[in-house]
Amino acid sequence: MLALSRELKRRGWRILFLTSEPYIPLAQAAGFETHCLVTAEEFEHFIGQPGLWSPIKGLRVVLGETAAQLIQPTLDLLSEHYRPGETILLTHPLDFGSRIFRDLHPEVPLIGTLLAPMAIRTPRQPAKLTGWSWEIQRPAWLVEASYWAADRLLIARWLDRPINRVRQAIGLAPVRSVLNNWYLSPDLVLGLYPEWFAADKEHWPDRLQCTGFPLEDGAREMQRDTDSVLQAIRDRDPRPPVVFAPGTANRQASDFFRVAAEVCEALDVHGLLLTEFPEQLPDSLPANVHHERYLPFRTALRHCQAIVHHGGIGTTSQSLAAGIPQLLIPMAFDQFDNARRVEKLGCGKTLLHRKLSFKRMFERVRALLQDSAIKTRCLEIRERLINSTSVVDSVDAIERHFQERVIQ
């Protein structure tokens, strides 16, 4: 969103950036007018929720609590700032308030974004949503039945009800199975990943355009600080590090970091542990293991030899762009599906978080560092992303759609 907004601003658009309080400084550094939708206290409560990083409980927290609670505040802000004929809504896939606003004001262009392929239901080649071996993956009719059951048993309670309460209050008809199709913008949907990373175009909506990974993580705003931190890391240990990153907002990763430190010591590799919450780290770290709170991967990963991470789409795409091997340890959300796609590309290996142990991580990291085929494949995939024009292509599509709406 930072990257797309920066390019829109460069082309003359005024930006109102809605985000959580911890991320407001990045948006302000980019020169955007900002508004806080989630306070620091609310954000801390969210990331501290028990079960956040589990397949079912995590979805309940994200969809049934956080996303649902943001519907009315988002609608109120849009009503205040909307200018007919001048406003575009560029939205995150969990922004259901903007989707309702589009139904209330059909004249406003709504540009939706999808961050990962798992957001599209493709029954013939379904996304991997859990780490369970018995997850339904075939035949297509049974996959569709599982979608229907999830909609009726879970999504209806978590999302349909709060969405329809808001819709009823403003005079809109109720909707059903909101994740089946309704939540996607009826105007334009940008898939922020390349087509070759996804699959089964047969089930893509016509309004979906894949424009590629944005490969943005605030590196531009943090370049000077990043350069000094990277130099300090090299001064401590000149060897390219193996990065361990369980997710920027993950404060439930104590076991991950404990095992990571033990693995680095046993393999005698330079380890770099990344977390904003250092209380998760062991009381003492081996001499060859260091901690940093945060580094923009766009800049940092090209100086590293491998990465062990949770499988979030941002980290996954930056690792592909850097051309380094990946060990993915998925826990929830899109992570299982991203991990499977990285494995299919030949760029890494997977270890389920519930099976995390010193022995398993040790074996996989050692194999990853020794596998020349994976290293070669990573460099091949990196070539596809070196000259990425994803941000420009995305904004071109946004402006093209806006102009077409104006002409109509």
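Going by the working numbering, the sequence shown opens with residue 27, and the numbers climb by one from there. The C-beta atom is built at its ideal place from N, Cα and C for all residues, glycine as well. What you are looking at is a predicted structure, and each value in this text was computed from that prediction instead of being measured.
| Asked | Found |
| --- | --- |
| Ala171 beta carbon near the ligand NAP (any heavy atom closer than 8 angstroms) | In the structure shown, the ligand NAP is absent, as is every other ligand, since no ligand is present at all. |
| Among Thr402, Arg233 and Leu28, the one whose alpha carbon lies nearest that of Leu371 | Thr402 |
| C-alpha distance - Leu300 paired with Leu321, whole-angstrom precision | 8 angstroms |
| Residue nearest to Pro132 in terms of C-alpha spacing, selected from Thr148, Arg147, Leu115 and Leu89 | Leu115 |
| Helix, strand or coil at Ile196 according to DSSP, with G and I counted as helix | coil |
| Straight-line Cα distance separating Gly111 from Pro356 | 43 angstroms |
| DSSP bridge partner residues for Val315 (one or two, in chain order) | Gly297 |
| Alpha carbon of His329 to alpha carbon of Phe388, nearest angstrom | 22 angstroms |
| Ala171 burial status per 10 Å Cβ neighbour count (16 or more: buried) | exposed |
| Presumed contact (8 angstroms Cβ cut-off) between Pro351 and Ala332, rounded CB distance | 5 angstroms |
| Identity of the residues DSSP links to Glu59 by a beta bridge | Leu42 |
| Straight-line gap, Leu298 to Leu256 (C-alpha atoms, nearest Å) | 11 angstroms |
| Environment of Lys375 [buried if 16+ CB atoms lie within 10 Å] | buried |
| C-beta contact flag for Tyr209 and Pro152 at 9 angstroms | no |
| Pairwise C-alpha distance: Glu406 and Thr342 | 16 angstroms |
| Host beta strand (DSSP E) of Val334 (start-end) | Ala332 to His335 |
| Beta-carbon spacing of Leu242, Leu96 below 9 angstroms | In the sequence under discussion, the amino acid at residue 242 is Glu, which differs from the Leu named in the question. No, the Cβ-Cβ distance between Glu242 and Leu96 is not below 9 angstroms. |
| Closest by C-alpha distance to Arg390, when choosing among Trp184, Val285, Arg193 and Asn190 | Val285 |
| Residue range of the unbroken beta strand (DSSP E) whose run includes Lys375 | Gly374 to Thr376 |
| Candidates Pro312, Asn276, Gln278 and Arg109, of which the one nearest Asp263 by Cα | Pro312 |
| Status (buried if at least 16 other CB within 10 Å, exposed otherwise) for Gln306 | buried |
| Terminal residues of the beta strand (DSSP E) in which Phe12 lies | Shown here, the chain extends from 27 to 434; a query on residue 12 therefore has no answer. |
| Endpoints, beta strand (DSSP E) assigned at Leu214 | Leu214 to Gly217 |
| First through last residue of the alpha helix (DSSP H) which encompasses Gln98 | Ile97 to His107 |
| Contact belief for Gly441 with Ser416 at Cβ below 8 angstroms, rounded distance in angstroms | Past the edges of the chain, shown from 27 to 434, lies residue 441, and the structure says nothing about it. |
| Rounded straight-line distance, which links the Cα of Glu318 to that of Phe384 | 22 angstroms |
| Length of the line joining the Cα atoms of Ala53 and Gln98 | 23 angstroms |
| Member of Asp129, Pro76 and Val295 whose CA lies at the smallest distance from the CA of Gln194 | Asp129 |
| Through-space distance from Glu106 to Cys373, alpha-carbon basis | 47 angstroms |
| Pairwise C-alpha distance: Ala292 and Pro135 | 55 angstroms |
| Cα-Cα separation between His335 and Ala358, rounded to whole angstroms | 13 angstroms |
| Coil, strand or helix - Leu382 by DSSP | coil |
| 8 angstroms CB neighbourhood of Leu104 in its chain, flanking five on each side removed | Leu115, Gly123, Ser124 and Phe127 |
| Alpha helix (DSSP H) runs wholly inside the stretch 154-189, at least 4 long, in chain order | 166-176 |
| Alpha-carbon spacing of Ser345 relative to Leu179, whole angstroms | 36 angstroms |
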